[in-house]
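K.L.:
For reference, the structure I am asking about is given below.
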Amino acid sequence: MTEFYREYLAVAVLIGAALALVGLMLGVGKLIRPVRPQADKYITYEAGSDPVGGWGQSNVRYYVYALLFVIFDVEAVFIFPWAVGLEPLGIFGLVEMVVFILILVLGLVYAWRKGVLRWA
Amino acid sequence: MTGFVLAAIAPITTPSVDWLGVAPVIALGGAGVAIVLARALLRRSAVTTPVCVALGILGVVLAAIFEYRLWHLVRADGAITTMAGMVRVDPFGVFLSVVVLIGTIYALFISVAYLKRESLDAPEYLALVMLSAAGMVAIITANDLIAIFVALEVLSIPLYVLAAFDRRRMASQEAGLKYFVLGAFSSAVFLYGVALTYGATGSTSLTAIGDFLANNTLYEQGTLLAGGALLLAGLGFKVAAVPFHFWTPDVYEGAPTPVTAFMAAATKAAAFAVLIRVFSIAFPLYRTDWKPALWVLAVLTLVVGSVAALVQTDVKRILAYSAIAHSGYILIGFQTGTIAGRQAALLYLLIYTFMAIGTFAVIMLASMTGDDRHSLDDYRGFALQRPVLGGILIFFLLAQAGIPLTGGFIAKLEVFSAAAQSNNYSLLVIGVLAAVVAMFFYLRIALALASPATGGEYFSDRRVDRWSGVVVATAALAVLATGVTPGPFIDWARQAVYFV
Amino acid sequence: MMAAIQITDTYYLVLSAALFSIGAVGVLVRRNVLVMFMSVELMLNAVNLTFVAFAKTLNDTSGQVIVFFTLVVAAAEVAVGLAIIVAIFRRRRGMTADDMRVLQG
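Residue numbers (the working numbering), protein chains in the order written: chain A, 1 to 120; chain B, 121 to 620; chain C, 621 to 725.
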């Protein structure tokens, strides 16, 4: 086995460990949980609202949450490199990041005050 | 592989920041953020709109004060390069930043009455204008292709929303969507140009690319030439140069009129700043390659802009094609590749800002609530019923046509004399012919304004609010002043052509 | 054991150029706005691949850092673009560029 493939062995081990862990947790749960079937419990889960058949028209509200998520999720990409370089960047980097996060928080506050986050 | 890792763990140094150099951008962006904050805290109270307008004006005024300081500083001590070479403040940049600030403050002023009339949400609109203006000033002083790309998006994304801002009017929403899809497309093209240029030269800094190309002979030039062509195409879209102009008529027609004014004046100045800066600083040695391309662009832009405007019947569409034709004249100035040509392009951008905003301001005042009746017939009788407003609109149209004693004449004269000085007679002849053709459609609007109204369309109830009145009056005065006493303005542009 | 194919940097550049072209053609040819939109995203990601490939060739990390900026800008674009599309969709079903009749362009 070449050195190249040996480096990928770690990935294979990780995949195996993940499968084993999930199997263990679900298996133990299956053994010890009580089973009391009810019709409602077997309905397809659709984000808490009553499920509709076929290709349902999804509520336009989902988009707002999805868009907010995309923005805040991707902005986090800047925080990871900053965290790695936290010490050499020092106070300057800290202040920059606080300003950056404050602007993001302002966006969230704006969305909240506009009532976007209320589900009605 | 190991070199890669070593580069990644090399010590990080914090770049030094010259705060004055980036202060105008911070003032504009800060004002935008402050407006969002005010909107979030005050909600829909009676003071929200006045507070937001005041914050916007404060941001522009602060930025103008910083630009004034910077102008004297860079004229005395040379260009300021800061933020690890990302930002470069030079006379050229300060001049065009001021042009953008003029466009921004005018756009703010004419928007105030418009938003009230159309009952649109003022705070969001104002915040978007401020953020877009921040992107424009940032792009004008950017010295790195990646900084340019990020600033390009900062200025474009608010404009997409602004174009679609009138949610009740389908035309506005479609304008926003079209602008968005084509704008995103052109941004991607521009970014691919950045990537290829980076691959060919190993850097994204404009000055570093220029130095690299001056000291090295490229083994193969294909990558760099393809990159340059894609950069030109991406920027050609933003300056509305033919054949990248197809979005312009639809977006100018559909967007709310103050947004159209802002796009015509400020966006054009910012986009031309990048075009001129990238090709003058990064690729001066490839002049023989990009000059023919710009020649073709300039000719196409002049011909298509002037001829297509003849067959339009909607005033905003005619003005959109006229904006395309104006880009052609500015391209003539830049295509010469001389100092005189660059100076002519700068002067043209300054004067065009006053002409474009003034014209659209009167158009905005003349249109009824709803902002969707702009056919030539809708404007019949305007100059007879409202002699002052109509007279000023005719004056702006004549200035755009290039009648002597207006700024438009001086702007065209400077461009043509720069072309003549560099023995570029083909462009000179085509430019003059295009100006003659353009005369027809400007006169066509003027004629409609001065002919008697056909139906019961009366303009007597159009109120001129104080803010728009100031814009129309000062813009008209500026166009007149640049036409009658062009000396100081030409001097100012002459001092501003340098990148050092 | 197959003969090992040497994957050179040119492969990545050709792949990204192909992806970029597919995206560009998609924007120009497809009429569904959402598909046009996805094509733009494909173009941006093709450029990201170009940047990473050049970063490896030039042994320079800045090409990889640029990808971060592109990603964030693309996300902001997605949010704004989808918001505009949703705003139009709320008023009217059917979302193709040909449906837009108000501005004939």
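Idealized CB from N, CA, C, for every residue including glycine. Note that the coordinates shown come from a computational prediction; the quantities given were computed from them, not determined experimentally.
Any Cβ of chain C within less than 8 Å of the Cβ of arginine 118/A?
P.N.:
no
K.L.:
Excluding the 5 residues preceding and the 5 following glutamate 294/B in the sequence, name in chain order all residues of the same chain whose CB lies nearer than 7 Å to its CB.
P.N.:
Gly374, listed in sequence order.
K.L.:
Could you work out which residues of chain C lie near valine 379/B, taking near to mean beta carbons separated by less than 9 Å?
P.N.:
In chain order: nothing, as chain C lies at least about 14 Å away.
K.L.:
Per DSSP, which one or two residues make a beta bridge with alanine 554/B?
P.N.:
Bridge partners of alanine 554/B: none, in fact.
K.L.:
Count the other C-beta atoms from every protein chain shown that fall within 10 angstroms of the C-beta of valine 698/C, then say buried if there are 16 or more, exposed otherwise.
P.N.:
buried
K.L.:
Can you find a C-beta in chain A that's less than 8 Å from the C-beta of threonine 324/B?
P.N.:
Output row for threonine 324/B: interface = no.
K.L.:
If you count every other CB in all the chains shown that lies within 10 Å of the CB of valine 142/B, and 16 or more means buried, which is it?
P.N.:
Buried: at least 16 other Cβ atoms inside 10 Å.
K.L.:
Tell me, to the nearest whole angstrom, how far the beta carbon of threonine 479/B is from that of leucine 518/B; I am working on the premise that it is less than 8 Å.
P.N.:
Going by Cβ atoms, the distance from threonine 479/B to leucine 518/B rounds to 11 Å, so no, they are not a contact pair.
K.L.:
Can you check which of these residues, Thr377/B, Val379/B, Val482/B, Thr594/B, is closest to arginine 582/B by C-alpha distance?
P.N.:
Val482/B
K.L.:
Going by DSSP in three states, arginine 208/B sits in which element: helix, strand or coil?
P.N.:
strand
K.L.:
Using only the alpha-carbon positions, how far apart do alanine 127/B and alanine 675/C sit?
P.N.:
At alanine 127/B the pLDDT is 48, less than 50, meaning the model places this residue with poor confidence; the figure from the coordinates comes in the next sentence. Cα to Cα, the separation comes out at about 11 Å.
K.L.:
Just verifying my parser: in three-state terms, what is the DSSP assignment at asparagine 336/B?
P.N.:
Shown here, asparagine 336/B sits in coil according to DSSP, grouped into three states, outside any helix or strand.
K.L.:
Listing by chain order, which chain C residues have their CB less than 7 Å from the CB of valine 99/A?
P.N.:
Here the premise fails: no neighbours, minimum Cβ distance about 16 Å.
K.L.:
How far does the beta strand (DSSP E) with threonine 202/B in it extend, from its first residue to its last?
P.N.:
Its beta strand (DSSP E) spans residues 200-202.
K.L.:
Closest to glycine 354/B by CA distance: which of Val394/B, Ala283/B, Tyr406/B, Leu597/B is it?
P.N.:
Val394/B
K.L.:
Run through DSSP, which three-state label would threonine 122/B get?
P.N.:
Confidence at threonine 122/B is low in this model, with a pLDDT of 41, below 50, so the placement of that residue is unreliable and no value is reported for it.
K.L.:
Can you name, in chain order, every residue of its own chain whose Cβ lies under 8 Å from the Cβ of valine 557/B, other than the five neighbours on each side?
P.N.:
Ser426, Val427, Leu430
K.L.:
Below 8 Å between beta carbons is the criterion; list the residues of the region 675-701 of chain C that meet it against any residue of chain B, in chain order.
P.N.:
Lys676, Thr677, Leu678, Asn679, Asp680, Thr681, Ser682, Gly683, Ile686, Phe689, Thr690, Val693, Ala696, Glu697, Val700, Gly701
K.L.:
Since alanine 616/B sits in a beta bridge, which residues does DSSP pair it with?
P.N.:
DSSP, once it has assigned bridges, lists no residue as partnering alanine 616/B.
K.L.:
So, helix, strand or coil for aspartate 370/B, using DSSP?
P.N.:
helix
K.L.:
Which chain B residues are close to arginine 113/A, counting only those with a beta carbon under 9 Å from its beta carbon?
P.N.:
Arg159, Ala160, Leu161, Arg163
K.L.:
Using DSSP with H/G/I as helix, E/B as strand and the rest coil, what is serine 546/B?
P.N.:
helix
K.L.:
Taking the alpha-carbon positions, what's the alanine 476/B to glycine 342/B distance?
P.N.:
Looking at the two C-alpha atoms, the distance is approximately 40 Å.
K.L.:
Going by the DSSP bridge assignment, what does serine 325/B pair with across the sheet?
P.N.:
Asp264/B
K.L.:
Thinking phenylalanine 688/C and phenylalanine 78/A are a contact (beta carbons under 8 Å), I'd like their distance in whole angstroms, please.
P.N.:
7 Å
K.L.:
Along the chain, where does the alpha helix (DSSP H) containing tyrosine 449/B start, and where does it finish?
P.N.:
435-455
K.L.:
Mind checking glycine 356/B: buried by the 16 CB within 10 Å criterion, or exposed?
P.N.:
buried
K.L.:
When you compare the CB of threonine 628/C with every CB in chain B, is at least one pair closer than 8 Å?
P.N.:
no
K.L.:
Is serine 487/B helix, strand or coil by DSSP?
P.N.:
coil
K.L.:
Hey, is the region 658-669 of chain C in contact with the region 633-642 of chain C, meaning 3+ C-beta pairs nearer than 8 Å?
P.N.:
yes
K.L.:
As a quick exercise: from Gln615/B, Ala151/B, Leu162/B, pick the residue whose alpha carbon is nearest that of leucine 466/B.
P.N.:
Gln615/B
K.L.:
What does the alpha-carbon distance come out to for the pair alanine 440/B and alanine 284/B?
P.N.:
17 Å
K.L.:
Where does serine 571/B sit, in a helix, a strand or coil, going by DSSP?
P.N.:
coil
K.L.:
Given the structure, does isoleucine 627/C come close to the ligand GDP, in the sense that its CB is under 7 Å from one of the ligand's heavy atoms?
P.N.:
Among the components modelled here there is no ligand, and therefore nothing to report on the ligand GDP.
K.L.:
Closest Cβ-Cβ distance between valine 109/A and chain B: below 8 Å?
P.N.:
Chain B contact via Cβ: present.
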